[in-house]
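In what follows, a structure is listed as structure tokens, so that the remarks can point back to it.
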């Protein structure tokens with residue numbers, strides 16, 4: 002088997018190791034499993050074109066290497082592919098990578114990828130914007146913005162960047178009042194955060210038992226001030242977040258979020274942040290993406 006790897010040259014893993022050392026390590030990891038690897042380290046603006054060329058080459062398996070945001074940005078290309086795509090997670094959080102059973106060292110991820118199998122997964126859409134795992138506002142969008150700022154201050158310490166971002170987000174989040182419609186149910190909430198996930202997440206490591214369950218889950222962190230946000234953050238770390246008294250969760254195959262103040266707000270899509278105005282209409286693209294997973298699909 003031969004692989005064509007398109008890697009984000011600005012990913013934290015690449016910057017920490019250095020481009021040359023990273024490419025050599027990645028090539029050796031594939032060679033250890035009897036696989037050839039053509040490695041292309043490209044800046045973010047060139048990823049779509051490089052990935053499209055890799056998908057067209059039927060003599061090699063295309064692989065996208067990058068964090069959740071990199072994968073998010075490439076979704077328009079990925080969902081048009083008529084073949085499975087490999088993923089190598091190289092970001093700070095790597096939500097999708099964990100769901101696919103790809104974690105640990107780079108060598109462990111490559112081993113899992115080489116021994117993996119194709120699975121289908123749902124993709125979310127907000128108006129005209131795609132996302133593969135998570136979309137949120139309030140605390141979650143501030144966390145994403147603060148993380149990017151902290152990564153520039155601490156480019157070689159992802160743990161420090163994450164800690165600084167979490168602390169500032171807990172301190173500076175401001176509540177927002179929303180109209181939320183899920184299916185036929187409508188409610189008005191004042192929330193510190195709203196998170197919409199493609200399918201359900203479970204456990205301390207926030208993994209989805211299924212990637213093709215065809216539902217959204219909506220989590221509303223009720224406005225409760227600094228103490229409430231700090232307690233909610235600790236419950237996420239400990240894995241007891243579903244037991245939080247300030248968290249309300251419900252499911253549906255369509256969601257609409259509307260800010261009562263009609264202002265443009267920051268919305269996060271798999272860690273990438275944009276400003277959006279007007280109602281946010283969430284819909285599902287069932288089994289729109291084929292990826293290689295290190296674990297069998299759940300049924």
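In the numbering used here, the protein residues as written are 2 to 300. Beta carbons are placed, not taken as given, at the ideal position from N, Cα and C, and that holds for glycine.
{"query": "From the DSSP output, in three-state form, read off residue 93 for me.", "result": "coil"}
{"query": "Specify the secondary structure class of residue 253 as computed by DSSP and reduced to three states.", "result": "strand"}
{"query": "Ignoring anything shorter than 3 residues or poking outside the stretch 107-134, list the beta strand (DSSP E) runs there in chain order.", "result": "118-127, 130-132"}
{"query": "With DSSP collapsed to three states, give me the class of residue 200.", "result": "coil"}
{"query": "Under a three-way DSSP split, which group does residue 269 fall into?", "result": "strand"}
{"query": "Could you round the C-beta distance between residue 95 and residue 48 to whole angstroms and report it? I think they count as a contact, below 8 Å.", "result": "With 8 Å as the limit, residue 95 and residue 48 do not qualify as a contact, their Cβ atoms being about 17 Å apart."}
{"query": "Taking 6 Å as the cut-off, is the CB of residue 22 close to at least one heavy atom of the ligand MG?", "result": "The model depicted lacks the ligand MG and carries no ligand whatsoever."}
{"query": "Tell me whether residue 71 sits in a helix, a strand or coil according to DSSP, three-state version.", "result": "helix"}
{"query": "Going by other Cβ atoms of all chains shown within 10 Å of its Cβ, with 16 needed for buried, is residue 145 buried or exposed?", "result": "For residue 145, the predicted model reports a pLDDT of 48, less than 50, meaning its position is unreliable; a value from the coordinates is still stated below. Result: buried."}
{"query": "Just to confirm the assignment, what range does the alpha helix (DSSP H) spanning residue 21 have?", "result": "20-32"}
{"query": "Looking only at its chain, what residues have a beta carbon closer than 8 Å to the beta carbon of residue 223, apart from the 5 residues adjacent to it on each side?", "result": "190, 191, 192, 193, 229, 247, 248, 249"}
{"query": "With respect to the beta strand (DSSP E) encompassing residue 181, which residues constitute its N-terminal and C-terminal limits?", "result": "177-183"}
{"query": "In chain order, what residues of the same chain have a beta carbon less than 6 Å from the beta carbon of residue 290, not counting five sequence neighbours either side?", "result": "79, 80, 122, 124"}
{"query": "Give the single residue among 204, 207, 212, 220 whose Cα lies nearest to the Cα of residue 183.", "result": "220"}
{"query": "Give the range of the alpha helix (DSSP H) segment to which residue 50 is assigned.", "result": "48-57"}
{"query": "With DSSP as the reference, label residue 212 as helix, strand or coil.", "result": "coil"}
{"query": "In chain order, what residues of the same chain have a beta carbon less than 7 Å from the beta carbon of residue 212, not counting five sequence neighbours either side?", "result": "100, 120, 122, 123, 200"}
{"query": "Would residue 271 be called buried (16 or more neighbouring beta carbons within 10 Å of its own) or exposed?", "result": "buried"}
{"query": "Is DSSP giving residue 100 helix, strand or coil here?", "result": "helix"}
{"query": "Out of curiosity, what's the CA-to-CA distance linking residue 117 and residue 256?", "result": "33 Å"}
{"query": "Give me the Cα-Cα distance between residue 53 and residue 207, rounded to the nearest whole angstrom.", "result": "31 Å"}
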